[in-house]
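Okay, structure first, notes after.
Protein chains: 2
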Amino acid sequence: MSRNHDTTDRQLLSQLQPWLDAAAVVTGNAVDPRYGDDLSGKGGGRPELVLRPRSAVEVAEILRLCSGFGQKLVVHGGRTGLAGAARVQPGEAVLSLERMTAVEAPDRAAATIIAEAGAPLQMVQEAADAAGLMFGVDIGARGTATVGGNIATNAGGIRVLRYGMYRAQVLGLEAVLADGSILTSLRGLAKDNSGYDLNQLFIGSEGTLGVVTRACLRLHPKPATEVAAFCSLGSLDAAIALLGLLKQRLGPLLSAYEVNFSPLYGAMIAGMAAPAPLPAGAPVYVLAEIQGNQAELDGERFASVLMQAVEDGIVDDVVVSQSPREFRALWDVREEANRFLFAIEGLIGVDISIPLLTMAAFLREAEAAIRAKDGSAEIYVFGHLGDGNLHYQVDTTEPAAAYEIIYRGVAACGGAVSAEHGIGLDKKKWLNLVRSDAELSAMRRLKAAFDPHNVLNPGRIFDIA
Amino acid sequence: MSRNHDTTDRQLLSQLQPWLDAAAVVTGNAVDPRYGDDLSGKGGGRPELVLRPRSAVEVAEILRLCSGFGQKLVVHGGRTGLAGAARVQPGEAVLSLERMTAVEAPDRAAATIIAEAGAPLQMVQEAADAAGLMFGVDIGARGTATVGGNIATNAGGIRVLRYGMYRAQVLGLEAVLADGSILTSLRGLAKDNSGYDLNQLFIGSEGTLGVVTRACLRLHPKPATEVAAFCSLGSLDAAIALLGLLKQRLGPLLSAYEVNFSPLYGAMIAGMAAPAPLPAGAPVYVLAEIQGNQAELDGERFASVLMQAVEDGIVDDVVVSQSPREFRALWDVREEANRFLFAIEGLIGVDISIPLLTMAAFLREAEAAIRAKDGSAEIYVFGHLGDGNLHYQVDTTEPAAAYEIIYRGVAACGGAVSAEHGIGLDKKKWLNLVRSDAELSAMRRLKAAFDPHNVLNPGRIFDIA
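Top line first, the protein sequences correspond to chains R and E. Residue numbers 1 to 465, in the UniProt record's numbering, belong to the letters of the first sequence in order. Residue numbers 1 to 465, in the UniProt record's numbering, belong to the letters of the second sequence in order.
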């Protein structure tokens with residue numbers, strides 16, 4: 001749509017302002033530069049217009065008018081996304097959910113909670129905890145990442161093995177379509193097959209099909225005990241064998257299964273203030289966690305399966321947490337990976353799914369190919385092995401070649417170019433490696449049906465052909 | 001679309017036949033009357049044309065041609081649906097998946113299985129079992145209901161509490177759109193956020209957006225032990241309290257929580273060959289099940305929580321299975337409800353979700369209102385209390401009034417007019433009680449985007465406005 005920017009902007013603002021309070025419309029120099037920030041360091045640009053509604057009705061009016069004027073919008077939650085979806089592009093106004101942060105008290109009987117989209121994940125976790133319940137998703141960015149952003153990317157994190165991704169937590173949504181329709185489905189029923197489940201459209205579609213404004217989320221009973229074990233192992237095969245053993249012997253008690261490959265562990269503990277749980281030097285480290293309902297028995301059972309794994313030669317060494325403090329300390333080591341990696345300038349990182357059966361070959365072949373291009377490249381890999389999801393980082397002078405090697409390798413072994421971070425702006429050139437023309441065409445059909453003027457997060461995931 | 005039936009049919013057939021083997025196209029008197037059967041007893045009509053493809057490619061060619069000719073299709077799986085979706089309407093041809101019943105050997109490492117849409121659920125269960133794994137969904141119609149039909153209705157059943165509905169089992173689908181595009185996503189990854197999750201479109205949309213031809217389904221470790229307990233309780237409140245206690249104390253061990261209200265239990269055991277586990281006369285009966293990983297310990301733990309519930313006065317009497325045979329016998333009592341109810345001519349039945357907090361009031365008020373219309377009405381209620389899902393049956397001379405009372409009551413208390421059976425043809429007049437105009441309009445928008453000629457299961461769920 002060809003637009004005369006100044007005239008259109010003035011007309012849009014004149015129609016928006018009667019609906020919105022003064023703090024809801026920020027323009028020009030009054031716009032805080034943080035709206036232009038981007039975790040990738042690629043910069044975006046400071047937007048000319050930031051809209052900060054307080055309710056779904058205000059979001060609806062904004063979307064209706066912006067659709068009419070062809071004003072493109074980029075939706076902002078906590079801006080912690082790792083695929084560039086929130087990076088402001090020329091001509092885009094920001095729609096920020098930052099004033100919609102209410103979290104209701106949990107419904108204890110139904111084990112549900114209703115939160116506005118701008119509420120940080122941690123607020124939901126804390127509200128659940130205060131009611132004696134637990135929220136099933138946890139990610140490193142919990143303090144900043146919002147419920148809406150989590151839903152838009154179908155966030156996963158560390159306990160997908162037990163509780164599933166965000167899709168499994170969403171019992172209902174309130175979402176606004178580009179034409180201003182508000183879809184409200186917040187009854188929080190565990191089972192509801194009354195027509196299409198429209199909520200699914202908005203989970204993982206990265207804000208391109210509508211703007212989520214509220215969510216009804218599933219909560220779980222709070223476990224009576226949490227125990228973490230930190231293990232060193234001789235190979236990925238051993239780590240996969242241990243995963244199988246723990247699943248078989250502990251069933252649903254197993255709540256997380258994280259992996260950290262050499263040389264990442266050694267490099268990160270070198271700069272860590274706290275003592276390392278195990279010495280560096282092993283090829284693979286695993287953090288396994290159980291959440292149990294019998295405080296002592298479940299921990300003993302976990303320890304006994306681990307001891308058997310040591311006796312069987314699957315695990316070389318293991319430390320099991322004996323207190324909540326030790327439990328927390330083991331998780332701090334896991335989170336140290338992010339602190340270490342974020343400090344490396346120019347590091348490239350991808351978030352991939354790989355079938356366990358082909359993972360060892362993928363790692364071997366990708367490393368050889370990357371080193372063939374750049375003999376001094378450093379490769380740092382950790383992730384959620386229980387879900388087949390690796391975070392794979394490369395410190396290299398040949399980033400373009402490394403991306404190419406990794407993503408083509410992922411596609412060749414039946415993996416996914418994004419396990420949990422999404423596609424955003426940064427990965428869309430790789431999407432056709434794992435999605436067929438028929439799938440991409442069906443995605444565009446959905447986009448055209450729900451956002452015919454292409455105003456919502458345009459160009460995220462795919463371009464309109 | 002106005003059609004000259006005979007000419008169009010001949011043209012359609014002449015274009016289909018080169019693609020299909022002789023057994024794939026059945027017309028006129030050669031059509032077996034069973035394609036016109038309908039569980040509701042409402043009859044449909046024997047179709048003029050039955051198409052029986054053997055592959056997604058054949059399904060694609062059928063859909064492409066039928067879209068072009070405006071030939072409406074009703075998709076048939078096992079025809080066990082309870083909402084009339086498979087009932088043949090005038091002018092509809094049947095697309096039966098009955099020749100696509102292949103079930104691959106499970107992938108043990110990934111704990112997944114790929115099955116064609118026409119395979120009965122039980123084939124998947126048995127293939128999983130033979131590989132030392134378990135499929136998470138079980139329903140009474142397991143021997144006949146197909147994977148494709150299960151997906152189309154997002155089937156639930158008895159272990160949703162632990163494993164979720166079908167949506168939670170689907171890791172990927174192969175589905176054919178009305179225009180003949182084939183969407184294939186069978187990698188079976190636990191985490192994949194590479195663009196829209198198109199699989200979600202086909203789960204629970206009752207065959208109106210595309211035809212599922214294959215599915216990659218999640219499997220679980222087979223439990224080491226299964227124990228069932230059959231309890232009598234004084235009230236629904238007591239049953240809800242027991243559910244809370246079991247969830248809190250047993251966490252994910254709890255795998256089913258079924259309820260059966262008076263007078264159903266007494267009526268059904270009167271005609272049962274096997275001895276009843278507990279005498280009739282209590283207001284409420286519960287069948288609770290655990291699936292554990294420690295053969296003796298988990299059963300003891302279950303029994304000890306139940307004994308505490310007896311001591312606390314929550315449970316009046318309880319029988320706990322001591323062997324696989326006793327376990328099976330308690331489930332047979334649960335399934336006796338269907339045998340008893342199917343024998344009652346003219347019985348009306350609904351499949352509803354009700355929030356636990358309002359369930360007692362709903363039951364009381366619905367019963368009073370139904371009896372005010374028909375003093376001799378009998379009301380039989382059982383269901384999946386752990387999910388808030390009741391199967392509510394009425395033997396009445398005033399069925400229309402009873403439907404009205406039940407569905408309006410459901411809507412008033414924030415429930416769902418279909419928890420797991422779907423809307424089909426039979427419940428669409430009630431859909432607007434629980435879905436807003438904006439939601440219905442969004443559903444129609446999806447239908448128009450994916451089936452613009454309205455050839456796939458037309459008129460199921462909603463009519464095109």
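All C-beta atoms, glycine included, are put in the ideal place defined by N, C-alpha and C.
Practice task
Report the option in E:N199, E:G143, E:A280, E:I139 whose CA atom is closest to the CA atom of M123 (chain E).
Solution key: E:G143
Handout entry: Inter-residue spacing [alpha-carbon to alpha-carbon] between S2 (chain R) and A448 (chain E)
Key = Residue placement at S2 (chain R) is flagged as unreliable, the pLDDT there being 42, under the threshold of 50; a coordinate-derived value is accordingly withheld.
Problem - Contact check, V284 (chain R) vs F302 (chain R), beta carbons under 8 Å - result: no
Problem - For S2 (chain R), the three-state DSSP class (helix, strand or coil) - result: In this predicted model, S2 (chain R) has a pLDDT of only 42, less than 50, meaning its place in the structure is not dependable; the value taken from the coordinates is given anyway. In the structure shown, S2 (chain R) sits in coil (DSSP, three-state: anything other than H, G, I, E or B).
Handout entry: Within-8 Å CB hit, M359 (chain E) to chain R
Key = no
Exercise for the section: Hey, could you find the ends of the alpha helix (DSSP H) L456 (chain E) is sitting in? Expected result: Segment: none, L456 (chain E) is in no alpha helix (DSSP H) and carries neither H nor E.
Practice task
Answer yes if the segment 402–410 of chain E comes into contact with the segment 125–142 of chain E, meaning at least three C-beta pairs across the two stretches below 8 Å, and no otherwise.
Solution key: no
Handout entry: E58 (chain R): first and last residue of the uninterrupted alpha helix (DSSP H) it sits in
Key = 56–69
Practice task
For the segment 126–187 of chain R, list the beta strand (DSSP E) runs that are entirely contained and at least 3 residues long, ordered along the chain.
Solution key: 170–176, 182–184
Practice task
Taking G281 (chain R) as the reference, give the member of R:I290, R:D298, R:C231 with the closest Cα.
Solution key: R:C231
Exercise for the section: Starting from the beta carbon of M443 (chain E), find every residue of chain R whose beta carbon is closer than 9 Å, and list them in chain order. Expected result: G195, Y196, L198
Handout entry: Cα-Cα separation, F462 (chain E) to D38 (chain R)
Key = 44 Å
Problem - In DSSP terms, what C216 (chain R) is bridged to - result: R:I114, R:G172
Problem - Residue nearest to P458 (chain E) in terms of C-alpha spacing, selected from E:E48, E:R87, E:T27, E:Y35 - result: E:R87
Practice task
Look at the alpha carbon of G70 (chain R) and the alpha carbon of Q393 (chain R), and state the distance between them as a whole number of angstroms.
Solution key: 39 Å
Exercise for the section: May I ask you to list the residues that DSSP assigns as paired with T80 (chain R)? Expected result: None, per the DSSP bridge assignment.
Problem - Among E:T153, E:A105, E:Q17, the one whose alpha carbon lies nearest that of A76 (chain E) - result: Reading off the sequence shown, one finds His at residue 76 (chain E), where the question assumed Ala. It is E:T153.
Exercise for the section: Quickly, what does DSSP pair T225 (chain R) with across the bridge? List them, please. Expected result: R:G292
Problem - Residues near I203 (chain R) by beta carbon distance below 7 Å, same chain, minus five either side - result: I151, N154, Y166, R167, V170
Handout entry: Residues that V305 (chain E) bridges to, as DSSP identifies them
Key = Beta-bridge pairing links V305 (chain E) to no other residue.
Exercise for the section: Please name the residue, chosen from E:D387, E:A56, E:I464, that lies closest to R214 (chain E) on a Cα-to-Cα basis. Expected result: E:A56
Exercise for the section: Buried or exposed for I464 (chain R), please, with buried defined as at least 16 other CB atoms from any protein chain shown within 10 angstroms of its CB. Expected result: exposed
Problem - Option in E:N29, E:V59, E:R64, E:I62 with minimal Cα separation from E48 (chain E) - result: E:N29
Problem - Bounding residues of the alpha helix (DSSP H) (the contiguous stretch that carries T27 (chain R)) - result: First-last for T27 (chain R): 25–27, but that is the beta strand (DSSP E), not the alpha helix (DSSP H).
Practice task
Would you mind reading off the limits of the alpha helix (DSSP H) that contains residue 467 (chain E)?
Solution key: Residue coverage of chain E in this structure runs from 1 to 465, which leaves residue 467 (chain E) outside it and unanswerable.
Problem - Residues sharing a beta bridge with A259 (chain E), DSSP - result: The sequence shown places Val at residue 259 (chain E), not Ala. E:V286, E:G383.
Exercise for the section: With a threshold of 16 other CB atoms inside 10 Å of the CB of P450 (chain E), please say whether the residue is buried or exposed. Expected result: According to the sequence as given, residue 450 (chain E) is Phe; it is not Pro. With 16 or more Cβ atoms within 10 Å of its Cβ, F450 (chain E) is classed as buried.
Exercise for the section: Anything in the segment 270–294 of chain E with a Cβ closer than 9 Å to a Cβ of chain R? List those residues in chain order, please. Expected result: Q291, G292, N293, Q294
Handout entry: Sequence-distant residues of the same chain with beta carbon closer than 8 Å to E367 (chain R), five excluded per side
Key = I379
Practice task
With 8 Å as the threshold, decide whether the Cβ of S2 (chain E) is near any Cβ in chain R.
Solution key: Since pLDDT at S2 (chain E) reaches only 42, below the 50 mark, its modelled position is unreliable, and the value read off the structure follows with that caveat. Chain R contact via Cβ: absent.
Exercise for the section: Under 8 Å Cβ to Cβ from M443 (chain E), same chain only, skipping five residues before and after it: list those, please. Expected result: R435, I461, F462
Handout entry: Proximal residues to V176 (chain R) (C-beta, below 7 Å), its chain only, five neighbours per side dropped
Key = A56, V59, A60, L63, I182, G210, V211, T213
Exercise for the section: With distances taken Cα to Cα, identify the nearest neighbour of L12 (chain R) among R:L82, R:A117, R:A93, R:N293. Expected result: R:A93
Problem - Sequence-distant residues of the same chain with beta carbon closer than 6 Å to A141 (chain E), five excluded per side - result: T80
Practice task
Helix, strand or coil for V434 (chain E), going by three-state DSSP, please let me know.
Solution key: coil
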